[in-house]
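Step one of this worksheet: look at the structure below.
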Amino acid sequence: MTANQTQKTKPSELVESVAIRFAGDSGDGMQLTGTKFTDETALAGNDLSTFPDFPAEIRAPAGTLAGVSGFQIHFSSHDIHTPADRPDVLIAFNPAALRANVEDVRPGGMVIINIDAFNQKSLVRAGYQDDPLPELRERFKLVEIPFTTLNREALQGLGLSAREVDRCKNFFALGLLCWLYGRPMAATERWLGSKFKGDVLEGNLRTLRAGHAFGETTELFPASFVVPSAKIESGTYRNITGNQALAWGIVAAGVQMERDVFLGAYPITPASDVLHEVARFRHFGVKTFQAEDEIAAASSTIGAAFAGQLAVTVSSGPGFVLKQEALGLAVMVELPLVAINVQRAGPSTGSPTKTEQGDLLAVLFGRHSMSSLPILAASTPGDCFHTVLEAFRIAVRYMTPVIVLSDGYLANSAEPWKIPDVASLERAPVRFAEPMADGEFKPYARDPETLARPWAIPGTPGLEHRIGGLTKQDITGNVSYAAPNHGRMNELRKQKIEGIADALPPVEVDGPDSGRLLVVGWGGTKGSITAAVEAAREEGLEVSQIHLRHLNPFPSNLGEVLRRFEKVLLPELSDGHLALLLRARYLVDVQSYSKVEGQPFKVAELVDAIRKLHAA
Amino acid sequence: MAAEAAKVSRKEFVSDQDVRWCPGCGDYSILANVQRVMPDLGVPRENVVFVSGIGCSSRFPYYMNTYGFHTIHGRAPAFATGIKACRPELSVWIVTGDGDGLSIGGNHLLHTIRRNVDTQILLFNNKIYGLTKGQYSPTSNLGIRTKSTPQGSIDHPIDPIGFALGCGATFVARTIDVDAKHMQEVLTRAHEHKGTAFVEILQNCPVFNDGVWDELQDRKTRADASLVLEQGQPLVFGSPGSLRGIVLENGIPSVIELGDDEDPASRGVMVHDERAPSASYAGVLATLQRPDFPLPVGVFRAVEKPTYEAMLQAQVDRAIAERGRGDLQALLNSGDTWQI
Ligand code: SF4
């Protein structure tokens with residue numbers, strides 16, 4: 001019998017949505033606890049959104065503010081778009097975690113602390129002069145639980161060291177939270193069974209169940225809560241993070257385009273997980289290559305594309321800029337590949353684990369000279385999958401490198417994802433240039449519709465040819481420095497990329513087609529912008545919304561859509577890159593709302609911005 | 001008859017592009033020799049890829065009627081790694097120079113050699129930057145006066161052979177632009193080698209560093225200035241009447257004089273073994289530099305190690321054998337899912 005099957009004896013209250021934040025030392029297992037709670041919540045049928053927020057240091061000094069790691073989950077019985085501005089519940093494993101997070105908690109919210117971790121020394125370490133608890137009791141429902149002691153009691157008699165015992169205490173808290181919100185625990189138990197064995201498995205299971213039983217019996221919680229399952233589109237769902245979806249999109253491209261994949265990458269936060277995940281799928285014919293540096297990662301990827309593979313490289317801001325020279329070559333030789341930038345807060349090393357949308361202009365203009373290429377941005381964790389697939393199709397159809405932008409928020413956030421039916425995904429088998437028995441092969445002769453040149457791969461008799469970074473003669477591809485030819489080749493490359501717009505779906509407006517205010521967004525801010533637009537509409541404001549995936553070229557009706565509105569608001573986690581582009585391109589008075597704090601937008605601040613511009 | 005057939009097939013490897021090196025450049029003879037050995041290697045033209053970086057030497061692919069990729073400065077080994085990793089059946093040649101390969105591209109050269117990617121790396125060493133018009137390079141002699149070193153270079157040069165050995169190269173050789181026969185032998189050996197074959201080709205740049213290899217190019221001085229490495233043969237150089245040999249004492253090489261009829265073995269002259277399991281022997285050879293020693297030419301080291309692309313392919317094959325070819329729908333549905 002598992003703990004969640006025990007007899008219910010306490011009453012339960014109905015709530016529509018809850019946001020919980022787990023916070024502790026980097027070594028306390030907060031990310032794991034949050035992830036497991038997320039899995040259970042998904043299985044309970046709620047809509048959900050998560051936000052892991054952790055320091056770049058692997059293990060900062062224990063008990064200090066620098067080492068605090070947090071994981072927030074927002075779940076609901078209705079459709080939600082963000083991890084919530086403010087948690088309703090905070091679980092703080094030590095004073096530093098309390099201090100770093102408690103001011104975010106909704107006034108009157110619940111704050112659960114591990115009271116065992118509170119003593120004079122740890123309070124000082126966290127920077128508290130005086131005991132903060134009396135004051136906090138005034139403002140929050142403070143619940144003091146001796147997690148360390150209870151966990152030790154639960155694990156008495158097991159052959160675990162004191163250290164091993166204490167490492168299990170996060171699962172006591174998880175068990176308690178599962179009781180408090182009526183989550184099942186079967187998935188966590190299954191996961192533990194697959195991960196551990198012997199006394200470690202037994203210890204984790206015991207403390208998980210003890211936490212659950214503690215909730216049932218303690219007087220600290222008079223009732224548990226019920227968050228009914230959400231009414232969302234029917235289908236089979238799973239949780240997915242942005243990085244996982246990028247990786248699966250890469251694997252899917254190989255299947256849907258019937259050509260094996262090569263991924264060249266160099267480790268960098270927060271993009272490394274894409275490399276790790278893809279590396280697991282060698283049985284899909286996927287080859288991954290951990291290069292010696294970012295430049296080699298990009299270069300090997302272009303080499304793979306030349307050789308006829310579906311080629312992709314992935315990095316993050318500071319690594320991505322190192323690839324730009326190589327991408328310039330890929331533009332010049334017109335080879336298909338996908339380059340993914342999981343953006344992080346910068347400049348320079350910046351805040352590696354924090355999010356930002358600051359690389360748009362860099363990926364658009366950061367190569368020297370005119371070197372336009374398509375840019376796509378994913379908007380939700382699950383959308384990363386479809387965005388990568390589309391990027392590969394564009395790359396091969398138009399023979400061009402394509403950039404995909406994700407960000408640190410999408411990378412690690414999870415959402416329930418409706419699993420696509422593979423049969424419904426577009427198939428686009430790769431076609432190479434055919435062998436030629438005689439005649440002269442023309443590597444830069446173009447398809448009249450797409451302006452793509454042929455993909456002629458080594459090993460094909462009769463197509464032997466040379467490409468390189470030097471200016472090419474139109475059609476023959478021979479080196480040519482002739483002035484008119486240089487201009488013509490620039491123009492052809494430009495027209496080719498601009499022509500992609502013809503095949504893109506037109507922008508669709510959510511809300512009225514024209515009117516007072518249009519909110520424009522791109523990339524990972526979709527959840528917060530959508531939530532803010534919905535909230536503003538509930539206040540009676542007339543607001544429309546578009547969210548762009550295609551940032552180069554823009555969909556062909558974009559200018560016309562923008563002009564139909566009196567005001568245009570563009571929230572961006574940068575100092576307004578897209579706003580600059582739209583203003584320059586369409587001469588529309590786009591108002592930028594910018595935030596550069598390494599954190600996603602809060603819904604409240606966006607609602608505020610909408611109200612202000614609406615009234616202006 | 002046979003000679004004529006061979007001539008025709010050599011032409012097959014000559015592209016229709018005008019060669020644009022300076023008159024008298026050593027690159028011409030290297031190109032001619034590569035084109036000459038190609039037909040004998042037995043690889044169909046369409047399966048040959050030449051990859052280069054930037055510099056005079058890197059124009060090479062344009063002149064070969066094979067697949068070719070003139071890439072960016074220093075990165076050719078990384079491009080070649082991507083090509084070979086995906087298409088192990090291709091014969092991949094990297095053409096680089098002392099600036100391209102050892103300065104801006106040093107890191108990629110290191111890692112490609114270390115991984116033992118089955119490619120041929122031809123490093124044309126003219127000890128100068130040619131295409132950028134005459135600055136000193138990482139192999140330039142200390143003190144060289146160039147436009148960027150008007151008072152003389154204060155950089156200690158690197159030796160390409162020692163570098164390659166330090167990277168764990170499985171095949172290392174040196175040859176010289178003017179010695180067609182020797183170069184063709186070395187190129188053929190390099191191609192036959194499974195793994196990274198690193199070949200330093202001493203090349204004269206008549207415009208910016210003329211005569212830097214004169215001693216080795218001039219037939220009159222060549223016998224004294226070079227030591228031809230031959231498997232199983234003693235390290236003897238010079239001409240009859242002034243024969244000399246290399247001996248090793250306490251790990252330090254030195255030159256001894258030999259009588260014409262003397263058995264080098266009796267004097268302790270080292271015997272060349274390119275297959276020595278330890279790289280330390282080849283390492284000693286690499287330290288033999290002018291003017292104290294003759295400069296060795298030939299194959300320094302040739303040993304077997306698994307290649308990168310073969311091990312990568314084996315991982316894919318094993319994964320498919322063990323798990324079956326991946327099923328996308330099964331992947332998407334793996335782990336915890338729920339119905340709504
Ligand atoms: S500059 Fe020197 S190396 Fe370059 S082509 Fe001229 S002679 Fe050859």
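As given, the protein sequences belong to chains A and B, one line each in that order. Here this note's numbering is used: the first residue of the first sequence is 1, the next is one more, and so on. Here this note's numbering is used: the first residue of the second sequence is 1, the next is one more, and so on. Every residue, glycine too, gets a C-beta built ideally from N, C-alpha and C.
Let me check one thing: in DSSP terms, what residues is residue i bridge-paired to?
i, result
"A:G523", "According to DSSP, A:G523 bridges with nothing at all."
"B:K220", "In the DSSP output, where bridge partners are listed per residue, B:K220 has none listed."
"A:D53", "A:G70"
"A:M110", "A:V89 and A:K141"
"A:Q591", "A:L569"
"A:S348", "Per DSSP, none; premise fails for A:S348."
"A:N170", "Answer is none; A:N170 lacks a bridge partner."
"B:M64", "B:V14"
"A:Y237", "A:K418 and B:W338"
"B:T132", "None, per the DSSP bridge assignment."
"A:A311", "A:F262"
"B:G232", "B:G232 is not bridged to any residue."
In chain B, what lies closer than 8 Å to residue i by C-beta?
i, result
"A:N478", "Q17"
"A:V422", "L328, Q329 and L332"
"A:H547", "The contacting residues do not exist; A:H547 stays about 24 Å from chain B at best."
"A:L329", "T71 and I72"
"A:D39", "D336"
"A:T301", "G82"
"A:L43", "D336 and W338"
Do you know whose CA, among the options, lies nearest residue i's CA?
i, options, result
"A:R367", "A:Y409, A:Q357, A:L405 and A:V321", "A:V321"
"A:A616", "A:V596, A:E334, A:Q591 and A:Q309", "A:Q591"
"A:R427", "A:V200, A:E560, A:V396 and A:P95", "A:V396"
"A:I497", "A:N151, A:I403 and A:A311", "A:I403"
"A:H81", "A:Q309, A:A532 and A:P506", "A:A532"
"B:C167", "B:G106, B:A314, B:E322 and B:G74", "B:G106"
"A:E491", "A:E292, A:D474 and A:V479", "A:D474"
"B:R36", "B:L165, B:D224 and B:E185", "B:E185"
"A:W248", "A:P381, A:Y266, A:F221 and A:A62", "A:P381"
"B:V297", "B:D317, B:Y28 and B:L202", "B:L202"
"B:R10", "B:A282, B:K220, B:L31 and B:R115", "B:L31"
"A:L176", "A:N114, A:V286 and A:N478", "A:N114"
"A:A377", "A:T353, A:H212 and A:L410", "A:L410"
"A:G477", "A:A483, A:G487 and A:F441", "A:F441"
"B:T175", "B:D210, B:A169, B:Q217 and B:G134", "B:Q217"
"A:N239", "A:F385, A:I295 and A:V89", "A:F385"
"B:C25", "B:N126, B:V247, B:M64 and B:R145", "B:N126"
"B:T221", "B:P291, B:S58 and B:G162", "B:P291"
"A:S17", "A:G27, A:S26 and A:S49", "A:S49"
Could you tell me which chain A residues have their CB closer than 8 Å to the CB of residue i, listed as they occur along the chain?
i, result
"B:Q315", "R282"
"B:P61", "R466 and G468"
"B:R145", "Neighbours of B:R145 on chain A: none; closest Cβ ~31 Å, over 8 Å."
"B:F79", "S299, S300, I302, G303 and F306"
"B:R75", "I295, A296, S299 and A326"
"B:R323", "H283"
Would you please state the rounded distance, in angstroms, between the beta carbons of residue i and residue j? I believe it to be under 8 Å.
i, j, result
"B:D155", "B:Y136", "7 Å"
"A:I250", "A:V278", "5 Å"
"A:D116", "A:F140", "Rounded, the Cβ-Cβ distance is 19 Å, inconsistent with contact."
Which residues of chain A have a Cβ atom closer than 9 Å to the Cβ of residue i, listed in chain order?
i, result
"B:H111", "A291, E292, D293 and A296"
"B:G68", "E464, H465, R466, I467 and G468"
"B:I320", "R282, H283, F284 and G285"
Can you pull the chain A neighbours of residue i, defined as C-beta to C-beta under 7 Å?
i, result
"B:Q339", "T236"
Using a C-beta to C-beta distance shorter than 7 Å, which residues of chain B count as neighbours of residue i?
i, result
"A:E325", "I72"
"A:K287", "A85, C86, L312 and V316"
"A:Q309", "C86"
"A:F306", "F69 and I83"
"A:T460", "E46"
"A:V520", "Result: empty, since nearest Cβ-Cβ is about 31 Å, beyond 7 Å."
Just the chain B side, please: which residues come within less than 9 Å of residue i by C-beta, in chain order?
i, result
"A:I73", "By Cβ distance, chain B contributes nothing, its closest Cβ being about 15 Å from A:I73, past 9 Å."
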